[in-house]
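**Q** The structure's right below; bear with me while I get my questions together.
2 protein chains.
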Amino acid sequence: MTRLPAAERRTRLVDAAVRVVAERGVAGATTRAIVAEAGMSLASFHYAFTSRDELMAELITTVVAHELTALRPELPTGRTLHDTLREGFMRYFDHLVAAPEREAAMLELTHYALRTPGLEALAERQYESYAELATLSLASAAAAHGVRWTRPVPELATTLVALTDGITIAWLVNRDGELAAAAFDLAAASIARFAEPVAEPVPSAHSSRPAHSLEATS
Amino acid sequence: MTRLPAAERRTRLVDAAVRVVAERGVAGATTRAIVAEAGMSLASFHYAFTSRDELMAELITTVVAHELTALRPELPTGRTLHDTLREGFMRYFDHLVAAPEREAAMLELTHYALRTPGLEALAERQYESYAELATLSLASAAAAHGVRWTRPVPELATTLVALTDGITIAWLVNRDGELAAAAFDLAAASIARFAEPVAEPVPSAHSSRPAHSLEATS
DNA sequence: GCCCGACTGGGTCAACCGTCCCAGTTCTCT
DNA sequence: AGAGAACTGGGACGGTTGACCCAGTCGGGC
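In order, the protein sequences belong to chains A and B.
Count the first sequence with the working numbering and you get residues 1 to 218, in order.
Count the second sequence with the working numbering and you get residues 1001 to 1218, in order.
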């Protein structure tokens, strides 16, 4: 008998549930499958959680946090804005290809949350977090390339997340990597076209970047 | 005892299943829920279908066909390409807002098909059909506005479907109609920017549309 | 050492599920 | 009219599910 504090057992059960959902989908993540994966008894499940839905809520919160950490934007390295955006999309795509079942699970969990009374707010929070991440990416890219966005950033962020989700679904269905990569490149080009150079307000003592350099590099 | 031929009973069961999935999701579409909705006995279910999966396969085929019919592109009426594309997106958005649970069900069925051995090909066929519809829309819009696409059409079609799916999910989660409409407008603008006027091969006796008229109208 | 709370794990419960069984009814064909 | 196929519908089956039960063990505090 190895004793674990309840909090530790909860963590292990949630980690196990992440793996089970990824492998079998939400419907396959029964309490028995989860405890089997965690190497525990069924009673331990109910000792640690009052219900399966409580575990699912915590599962959603956990996987969203992990996703945000994994996809935190890196310092922009592209020579052009388009390059930077494309690199961001391709970084996500590498992440998707490395573990397709994970992204499929994210999408399934969204639908599950929307369908489960009491969990709707988690789906909302999930998508707010994605929008924040997209906003951060857009701001970072704009700053690195000396541009500003010609559309309201919430719209651009929504569109960026939509493109990501939509191309993900298409890829999960057809596994056409070339087409997905091309679509991500097209997505990057689309968004890049809503940028314009930031005009310098006044001449400064610093050597300023010429306004036409954006055109020259694209 | 009202006698029905098996084919009629199958149709009624599928129609009932469409309603049940829309209301309760795939997990809630049990054989008992479906027959209750159809006003039949459970034995009639198994008389008409050899298994629940057989009914689900037919359900997917049916709802995809209905979706394609509902979203068949209309004659382009926009004054500019951007307008035409935006109108197409907004027509879809009206369709979504009129029955959100229907589009949510479509997405859920995709995931269900991907998760169910033997049904994967239905998900693929679903997305091929969407791409064909998008391709038709793009061709129709290009012809109406005298432009051609500067990106391969499969890429543009994939992106158009991705934008549709992605904005749908975002709206299902947050029900922010203004943001969704703005995102659809931005999506239309994005795609419109991958068009260029079709050059006339040779001067003709017909009055030709001036090449700069596209810029003037946008 | 004792007590109490935290923890463990085997077992059980009622409800639900997809599938199957089977007797009865109806319809069509000969 | 009779036979056979198509159809009807109530019930049963074995399996699965989330949740609960409960006796036993362990650890910490007094």
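All C-beta atoms, glycine included, are put in the ideal place defined by N, C-alpha and C.
The structure displayed is predicted, hence computed values, not measured ones.
1. So for B:PRO1100, helix, strand or coil by DSSP?
2. Which term fits A:THR50, buried or exposed, when burial requires 16 or more other beta carbons within 10 angstroms of its beta carbon?
3. Compute the Euclidean distance between the alpha carbons of B:SER1204 and B:VAL1147, then round it to the nearest angstrom.
4. Within the continuous alpha helix (DSSP H) that includes A:PRO154, where are the two ends?
5. Should A:ALA183 and B:GLU1155 be called a contact, given that it needs their Cβ atoms to be closer than 7 Å?
6. Compute the distance between the beta-carbons of B:THR1061 and A:ALA170, then report whether it is under 7 Å.
7. Between the C-alpha atoms of A:GLY168 and A:ALA199, what's the straight-line distance to the nearest angstrom?
8. Output, in chain order, the set of chain B residues within a Cβ distance shorter than 9 Å of A:PRO5.
9. Cα-Cα, which of A:PRO76, A:LEU96 and A:GLY39 is closest to A:GLY88?
10. Assuming contact is defined by CB atoms lying nearer than 7 Å, are B:LEU1133 and B:VAL1153 in contact in what I supplied?
11. Which ranges would you report for the alpha helix (DSSP H) in the region 128–155 of chain A if only whole runs of at least 4 residues count?
12. Run the CB neighbour count on B:SER1190, radius 10 Å, all protein chains shown included, and call it buried at 16 or more, exposed below.
13. So what's B:ALA1195 in DSSP terms, helix, strand or just coil?
14. Tell me whether B:GLU1074 sits in a helix, a strand or coil according to DSSP, three-state version.
15. Use the C-beta contact count for A:LEU13: other C-beta atoms within 10 angstroms, 16 or more gives buried, fewer gives exposed.
16. Compute the Euclidean distance between the alpha carbons of A:LEU81 and B:ALA1144, then round it to the nearest angstrom.
17. Need the endpoints of the alpha helix (DSSP H) that B:SER1051 sits in, please.
18. Does the distance from the CB of A:ALA6 to the CB of A:ILE34 come in under 7 Å?
19. Does the distance from the CB of B:LEU1163 to the CB of B:ALA1187 come in under 7 Å?
20. Report the rounded CA-to-CA distance for B:THR1150 versus A:ALA70, giving the unit in angstroms.
21. Would a check of beta-carbon distances place A:SER218 closer than 7 Å to chain B?
22. With a cut-off of 7 Å, does the C-beta of A:LEU68 fall near any C-beta of chain B?
23. In angstroms, rounded to a whole number, what distance separates the CA positions of B:ALA1098 and A:VAL161?
24. Using a Cβ cut-off of 7 Å (strictly closer), state whether B:GLY1025 contacts chain A.
25. Identify which residue in B:PRO1073, B:ALA1057 and B:ALA1104 has its Cα closest to the Cα of B:ARG1175.
26. At a CB-CB cut-off below 8 Å, which residues of chain A make contact with B:HIS1111?
27. Which chain A residues are close to B:LEU1163, counting only those with a beta carbon under 8 Å from its beta carbon?
28. Within 10 Å of its beta-carbon, does B:LEU1055 have 16 or more other beta-carbons around it, so buried, or fewer, so exposed?
29. Under a Cβ-count criterion, where at least 16 other Cβ atoms within 10 Å of its own Cβ denotes burial, should A:LEU221 be classed as buried or exposed?
30. Indicate whether at least one CB of chain B lies closer than 7 Å to the CB of A:TYR127.
31. Inspect the CB distances between the region 104–115 of chain A and the region 23–34 of chain A and report whether three or more fall short of 8 Å.
32. So, are the CB atoms of B:THR1031 and B:ARG1010 less than 7 Å apart?
33. Give a yes or no on whether 7 Å exceeds the smallest Cβ distance from A:SER44 to chain B.
34. Just checking: is the beta-carbon of B:GLU1155 within a distance shorter than 7 Å of some beta-carbon in chain A?
35. How about B:ALA1182: is its C-beta nearer than 7 Å to some C-beta of chain A?
**A** Based on what the coordinates show:
1. DSSP, reduced to helix, strand and coil, places B:PRO1100 within a helical segment of the structure shown.
2. The C-beta of A:THR50 has fewer than 16 other C-beta atoms within 10 Å across all chains shown, which makes the residue exposed.
3. Here the model assigns B:SER1204 a pLDDT of 47, short of 50, so the residue's position is not dependable, and the following value carries that caveat. If I take the Cα positions, the gap works out to 18 Å.
4. A:PRO154 -> alpha helix (DSSP H) spans 153–174.
5. Contact annotation: A:ALA183 and B:GLU1155 have beta-carbon atoms nearer than 7 Å.
6. Judged by their CB atoms, B:THR1061 and A:ALA170 are not nearer to each other than the 7 Å cut-off.
7. According to the sequence shown, residue 168 of chain A is Thr rather than Gly. Answer to the nearest angstrom: the Cα atoms are 36 Å apart.
8. In chain order: nothing, as chain B lies at least about 33 Å away.
9. Of A:PRO76, A:LEU96 and A:GLY39, the residue nearest in Cα terms is A:PRO76.
10. Note that the C-beta distance between B:LEU1133 and B:VAL1153 is not below 7 Å.
11. DSSP runs (the alpha helix (DSSP H)) wholly in the region 128–155 of chain A: none.
12. With 16 or more Cβ atoms within 10 Å of its Cβ, B:SER1190 is classed as buried.
13. B:ALA1195 falls in the strand class under three-state DSSP.
14. When secondary structure is reduced to three states using DSSP, B:GLU1074 falls in the coil class, being assigned neither helix nor strand.
15. Counting C-beta atoms within 10 angstroms of its own C-beta, A:LEU13 has 16 or more neighbours from the protein chains shown and is therefore classed as buried.
16. So the alpha carbons of these two residues sit roughly 32 Å apart.
17. Note, B:SER1051: premise wrong, no alpha helix (DSSP H); not H, not E.
18. Not a contact, by the Cβ cut-off of 7 Å.
19. A contact, by the Cβ cut-off of 7 Å.
20. B:THR1150 and A:ALA70: Cα-Cα distance of roughly 34 Å.
21. The predicted position of A:SER218 is uncertain, since its pLDDT is 37 and thus under 50; no value can be drawn from it.
22. Taking Cβ atoms only, chain B never reaches closer than 7 Å to A:LEU68, which makes this a no.
23. One C-alpha to the other measures close to 24 Å.
24. Contact of B:GLY1025 with chain A is assigned, a C-beta pair being separated by under 7 Å.
25. When only C-alpha atoms are compared, the closest one is B:ALA1104.
26. Going along chain A in sequence order, the residues near B:HIS1111 (Cβ under 8 Å) are GLY25, ALA104, LEU107, GLU108 and HIS111.
27. By Cβ distance, chain A contributes THR159, ALA162, LEU163 and GLY166.
28. With 16 or more other Cβ atoms within 10 Å, it is buried.
29. In this structure chain A extends from 1 to 218, so residue 221 of chain A is not present and cannot be described.
30. By this cut-off, A:TYR127 is an interface position.
31. Yes: at least three Cβ pairs fall under 8 Å.
32. Cβ atoms of B:THR1031 and B:ARG1010: not closer than 7 Å.
33. No, because no Cβ of chain B sits closer than 7 Å to the Cβ of A:SER44.
34. With respect to chain A, the C-beta atom of B:GLU1155 has a partner C-beta closer than 7 Å.
35. B:ALA1182 counts as touching chain A.
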